[in-house]
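The sequence shown runs 1 to 49 under full-length UniProt numbering.
First the structure, in the form of structure tokens, and then the observations on it.
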Amino acid sequence: MRKILDTTSRDKGETSTGIEEYIRFYNTERFQKRLGQLSPVEYRKKLAA
């Protein structure tokens, strides 16, 4: 997210792409303490198993 906020010369398309990339990162790669150090996707897979 910081990457998006630090860049002021983005057009609408670049901003949209940056947000999509961050959402993908947040859901698939970023480990969250409250989820037992798992990403949200890994946590959901674990619950479904």
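Ideal Cβ placement from N, Cα and C applies to all residues, glycine included.
Exercise. Going by beta carbon distance, what residues of the same chain come within less than 7 Å of residue 29, once the five residues before and after it are set aside?
Worked result: By one-based count along the sequence shown, residue 29 stands at place 29. Within the same chain, residue 29 has close Cβ partners 39.
Problem set entry | For residue 33 and residue 12, the rounded distance between their alpha carbons | Looking up residue 12 in the sequence shown gives position 12. Looking up residue 33 in the sequence shown gives position 33. Whole-angstrom Cα-Cα distance: 33 Å.
For this session: Specify, as a first and last residue, the run of the alpha helix (DSSP H) that residue 49 falls within.
Result: The sequence position of residue 49 within the sequence shown is 49, counting from 1. Where residue 49 is concerned, there is no enclosing alpha helix (DSSP H), given that its DSSP letter is neither H nor E.
Problem set entry | Whole runs of the beta strand (DSSP E) within the UniProt domain "Integrase catalytic" (16-46), excluding any shorter than 3 residues | none
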